[in-house]
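For reference, the structure is listed below as structure tokens.
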Amino acid sequence: MKLKCILFLFVFYISNIVFAEELDLVKYKQAYIDQIKPILEKQIAPMLERQEDPEATLDFLANGMADCQVEILSYYPEKYQAATVNPVVAGKGLKEVTKDVNELMKQDIETGDTTQEELITMVQSSREHFIKCSKELDKGLNN
6 MKLKCILFLF VFYISNIVFA EELDLVKYKQ AYIDQIKPIL EKQIAPMLER QEDPEATLDF
66 LANGMADCQV EILSYYPEKY QAATVNPVVA GKGLKEVTKD VNELMKQDIE TGDTTQEELI
126 TMVQSSREHF IKCSKELDKG LNN
């Protein structure tokens, strides 16, 4: 009985951690969308003017980019995920967070916490996923 109780508490604890992480990702995605929409709107203004429903197109692209970003985060260790997600959820700008994470990666290479080869592999994998994700977004936009 005691073992069952311990196992139950362990499973409950783990499920709460997973739920909290998922909740942070939901908050991250929304904060990402809130920050990327105005940037997108400026960058693709001429294309939006030709759309039947520009707001729907903008929402589709911002949501798609946020989904891609969340998926890309999975290619990085938890340390870099947290360094990305937590500040954005707290309201820090995407550009500034990117700069901070890049600095963290540089420091990790200098201290030996990660190797340049490991980092290159992470970046290449995430870049490949970004390209695939971008193509899927483009297909969805053209349908």
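Be aware that the sequence shown starts at 6, since it is given in the working numbering, and climbs by one per residue. The beta-carbon is built from N, C-alpha and C at its ideal position, and this holds for glycine as well.
Could you name the residues of the same chain whose beta carbon sits closer than 6 Å to that of residue i, not counting the 5 residues immediately before and after it, in chain order?
i    : result
G69  : L142
V90  : D29 and Y33
E122 : none
CA-CA distance, residue i and residue j?
i    : j    : result
G98  : D118 : 26 Å
P51  : K42  : 15 Å
A95  : G145 : 31 Å
L124 : Q40  : 27 Å
I44  : K104 : 17 Å
K100 : F65  : 22 Å
T116 : K137 : 33 Å
R55  : Q129 : 35 Å
Q48  : N147 : 18 Å
Give me the Cβ distance between residue i and residue j, rounded to the nearest whole Å; I'm assuming they're in contact under 8 Å.
i    : j    : result
L109 : A88  : 6 Å
Y80  : S139 : Contact doesn't hold; Cβ gap of about 15 Å is too wide.
V93  : Y33  : 5 Å
By Cβ distance, which residues of its chain are closer than 8 Å to residue i, with the 5 residues on each side in sequence left out?
i    : result
L53  : E46, P59, T62 and L63
T120 : I114
E57  : none
E133 : none
Give me the residue from the options with the minimum Cα distance to residue i.
i    : options                  : result
Q74  : Q35, I125 and K84        : Q35
A67  : K137, Q129 and I38       : I38
F135 : I77, V31 and K100        : I77
L30  : Q56, F65, D72 and I44    : D72
P82  : Q48, M127, T116 and K104 : M127
K84  : E101, Q112, F65 and K100 : Q112
Near residue i, what residues of its chain come up, given a Cβ to Cβ distance below 7 Å and the 5 sequence neighbours on each side ignored?
i    : result
V102 : T89, P92 and V93
Of all Cβ atoms in chain D, is any one closer than 8 Å to the Cβ of residue i?
i   : result
P51 : Absent from the structure: chain D. Only one protein chain is present.
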